[in-house]
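So the structure is just underneath, and the comments pick up after that.
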Amino acid sequence: MTSRVKFSNDLNTLIDEVIDMGRKVYSRLDGVTNCLSIDDMNTARKIVYDDSFINELEYRINTRAITMITAESPVATDLRVIIASIKTAMELERISDNISNIAEVRKRIKIENDNLLLRLYTMERLAVLMMNDIYTAFREKDMELCLEILDRDEDIDRLFVQISTSDILEESDLFVSGQCQLCAKYLERIGDHIKNIAEHVYFINTGERFEVR
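Just so it is clear: in the sequence shown, position 58 is 58 by the UniProt record's numbering, and no numbers are missing.
Put into structure tokens, the structure is as follows:
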């Protein structure tokens with residue numbers, strides 16, 4: 001096997017590992033807000049526990065990427081993919097951290113406000129759809145979809161502002177109110193990290209950094 005063939009195989013493996021990490025984070029995100037209102041806290045505990053597996057995947061991806069850079073001196077196009085893979089893995093790890101943070105809130109309180117739960121669930125669904133479409137944009141090299149995903153983060157931001165500045169919380173207990181706002185903030189951060197991943201996909205395919213239009 002020539003060094004170039006080996007490098008190409010390693011690069012494909014790296015991409016596959018990032019995609020696999022994305023699928024696992026997607027699975028953790030899909031339905032995470034349901035744990036906030038159920039009586040059984042075991043779901044929340046499992047969500048927190050499973051974050052360790054995501055951390056291990058990020059470490060594995062970073063190790064492979066650094067080895068490829070130091071051993072192969074990749075050309076510009078390949079180096080772009082490797083660097084974007086490292087950055088994407090970092091964003092996925094941070095998404096996973098925020099998912100765990102939402103579950104940690106459930107370990108402290110149970111949310112029973114239906115209006116708030118609906119908005120938190122809507123933020124989650126928007127983020128889930130963004131993640132699903134990022135994979136499609138990457139697979140099909142669809143940069144128009146990529147740009148659309150970048151714009152969609154604003155919908156999550158608007159819901160966060162709505163929760164933070166309205167009387168949706170309807171809570172006299174300041175601790176409970178603060179925990180509810182934390183959930184919204186974690187979801188807003190998840191949206192930001194997904195947006196960053198879309199920017200990395202854009203960079204891989206165009207060689208250009210995304211500039212706000």
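No residue lacks a Cβ here, since even glycine has one placed at the ideal position from N, Cα and C.
(request) Could you check if G191 is buried or exposed, using at least 16 other CB atoms within 10 Å of its CB as the buried criterion? (result) Residue burial annotation: G191 is buried, with at least 16 other C-beta atoms found within 10 angstroms of its C-beta.
(message) With H, G and I counted as helix, E and B as strand and the rest as coil, what does DSSP make of S73?
(response) In this structure, S73 counts as coil in the three-state DSSP scheme.
(request) Report the rounded CA-to-CA distance for L120 versus F210, giving the unit in angstroms. (result) When rounded, the distance between both Cα atoms is 29 angstroms.
(request) Throw me the rounded Cβ distance for the L159 and T122 pair, which I believe falls under 8 angstroms. (result) Contact flag correct, Cβ pair sits at about 6 angstroms.
(request) Go ahead and label V81 buried or exposed: buried means 16 or more other beta carbons lie within 10 angstroms of its beta carbon, across all protein chains shown. (result) Of the residues assessed, V81 falls on the buried side of the cut-off, its CB having 16 or more other CB atoms within 10 angstroms.
(message) Using only the alpha-carbon positions, how far apart do L14 and D133 sit?
(response) For L14 and D133, the distance between alpha carbons rounds to 20 angstroms.
(message) Please tell me whether V201 and A137 are closer than 9 angstroms, where the distance is taken between their beta carbons.
(response) The Cβ atoms of V201 and A137 lie closer than 9 angstroms to each other.
(message) So I85 and V5 are supposed to be a Cβ contact under 8 angstroms. How far apart are they, rounded?
(response) Ile is not the amino acid found at residue 85; the sequence shown has Ser there. Incorrect: roughly 19 angstroms between the Cβ atoms, too far for contact.
(request) Out of I54, E72 and R189, state which residue places its alpha-carbon closest to the alpha-carbon of S3. (result) Residue E72 is the option with its Cα nearest to S3.
(message) Taking a contact to mean a Cβ-Cβ separation below 9 angstroms, would you say L129 touches T33 in this structure?
(response) No.
(request) Would you kindly report the start and end of the unbroken alpha helix (DSSP H) that includes I19? (result) First-last of the alpha helix (DSSP H) with I19: S3 to L29.
(request) Use the C-beta contact count for V75: other C-beta atoms within 10 angstroms, 16 or more gives buried, fewer gives exposed. (result) With fewer than 16 Cβ atoms within 10 Å of its Cβ, V75 is classed as exposed.
(message) If you follow the alpha helix (DSSP H) that C35 is in, where does it begin and where does it stop?
(response) Premise fails: C35 is in no alpha helix (DSSP H) and is neither H nor E.
(request) To the nearest angstrom, report how far apart I66 and I194 are at their CA atoms. (result) The straight-line gap from Cα to Cα measures roughly 23 angstroms.
(request) Let me know if S100 comes out buried or exposed under the rule of 16 or more other beta-carbons within 10 Å of its beta-carbon. (result) The residue in question, S100, is buried, as its Cβ has 16 or more Cβ neighbours within 10 Å.
(request) State yes or no: is the C-beta of D39 within less than 9 angstroms of the C-beta of K110? (result) In this structure, K110 lies closer than 9 angstroms to D39 by Cβ.
(message) So the candidates are C180, K87, N42 and L36; which of them puts its Cα closest to the Cα of N196?
(response) Nearest option by C-alpha distance: K87.
(request) Give a yes or no on whether the C-beta atoms belonging to G22 and M131 are separated by under 9 angstroms. (result) Yes. Within cutoff.
(message) Quick check on this structure: which residue in S37, L126, L174 and E56 has the alpha carbon closest to the alpha carbon of D20?
(response) Of S37, L126, L174 and E56, the residue nearest in Cα terms is E56.
(message) On the CB-based measure, 16 or more other CB atoms within 10 Å of its CB, does D173 come out buried or exposed?
(response) Around the beta-carbon of D173, fewer than 16 other beta-carbon atoms lie within 10 Å, marking it exposed.
(message) Which of the three DSSP states is assigned to G178 in this structure?
(response) Note: G178 maps to helix in three-state DSSP.
(request) Excluding the 5 residues preceding and the 5 following V8 in the sequence, name in chain order all residues of the same chain whose CB lies nearer than 8 angstroms to its CB. (result) Contrary to the premise, residue 8 reads as Ser rather than Val in this sequence. Once the five neighbours on either side are set aside, S8 has no close Cβ partner at all.
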